[in-house]
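Residue numbers (this note's numbering): 302 to 475. Backbone N, C-alpha and C fix where the C-beta goes; we use that ideal spot for every residue, glycine too. Since we're looking at a predicted model, the values are computed, not measured. The structure appears below as structure tokens.
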């Protein structure tokens with residue numbers, strides 16, 4: 302966790318670390334476990350923290366969250382392919398439940414709202430512009446986030462993350 306925190310901080314990201322556990326079929330945050338200044342968490346036991354979150358509002362990036370439900374990710378990949386886009390060219394990671402988090406730099410006048418529960422065809426997705434998006438090396442039990450080809454260690458700055466592209470509408474319209 303410390304390597305990712307250090308790297309994201311170097312890139313200029315605002316972060317949160319959290320301790321989460323399972324309760325009645327849902328992942329719940331442990332009360333008082335959210336730390337918005339990870340550098341201060343050294344005073345606490347690292348073993349208790351299993352989630353790293355990027356503060357989207359303060360970092361200037363958005364997250365296209367493709368849900369890992371049946372057919373959602375495969376159809377999304379087909380939609381990308383039909384537009385001539387290769388997922389490996391994007392700054393993305395596989396999420397805990399076999400979904401995708403694809404990150405983009407926000408445009409200057411980007412929306413400050415989240416758009417949750419969207420569906421186009423079989424693709425279920427959220428567009429997250431505020432709050433936090435969980436990222437690698439977050440884990441829960443045996444499940445974990447896993448980066449694609451690009452990751453925080455292969456870029457030099459947040460500017461290396463693609464700005465929200467114009468083709469994004471085409472992917473969901475076609």
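Nonlocal neighbours in the same chain, by C-beta distance under 8 Å from residue i, ignoring five residues either side
| i | result |
| --- | --- |
| residue 377 | 367, 401, 424, 426, 472 |
| residue 431 | 357, 358, 413, 414, 415 |
| residue 381 | 387, 388, 472 |
| residue 460 | 406 |
| residue 444 | 397, 398 |
| residue 437 | 305, 353, 394, 445, 446, 447, 448, 452 |
Option nearest residue i by Cα separation, candidates the options
| i | options | result |
| --- | --- | --- |
| residue 318 | 356, 312, 311 | 356 |
| residue 448 | 418, 388, 433 | 388 |
| residue 392 | 418, 385, 463, 352 | 463 |
| residue 311 | 465, 433, 456 | 456 |
| residue 374 | 422, 405, 411 | 422 |
| residue 302 | 435, 468, 450 | 435 |
| residue 418 | 411, 410, 428, 409 | 428 |
| residue 390 | 466, 313, 354, 304 | 466 |
| residue 395 | 446, 385, 383 | 446 |
| residue 411 | 363, 313, 314, 470 | 363 |
For residue i, the residue or residues it bridges with in DSSP
| i | result |
| --- | --- |
| residue 436 | 353 |
| residue 471 | DSSP, once it has assigned bridges, lists no residue as partnering residue 471. |
| residue 447 | 395 |
| residue 454 | In DSSP, residue 454 forms no bridge with anything. |
| residue 464 | 406 |
Extent of the continuous beta strand (DSSP E) to which residue i belongs
| i | result |
| --- | --- |
| residue 362 | 362 to 367 |
| residue 418 | 416 to 421 |
| residue 424 | 424 to 429 |
Cβ-based neighbour list, residue i, same chain, cut-off 6 Å, excluding 5 preceding and 5 following
| i | result |
| --- | --- |
| residue 398 | 369 |
| residue 361 | 407 |
| residue 309 | 316, 453 |
| residue 451 | 392 |
Delimiting residues of the alpha helix (DSSP H) encompassing residue i
| i | result |
| --- | --- |
| residue 306 | 303 to 312 |
Contacts around residue i, its chain only, beta-carbon distance under 7 Å, and the 5 residues preceding and following it disregarded
| i | result |
| --- | --- |
| residue 351 | 320, 321, 439, 440, 441 |
Open item on the list: Runs of 4 residues minimum, wholly inside the region 372 to 411: which ones carry the alpha helix (DSSP H) assignment?
Closed with: 373 to 383
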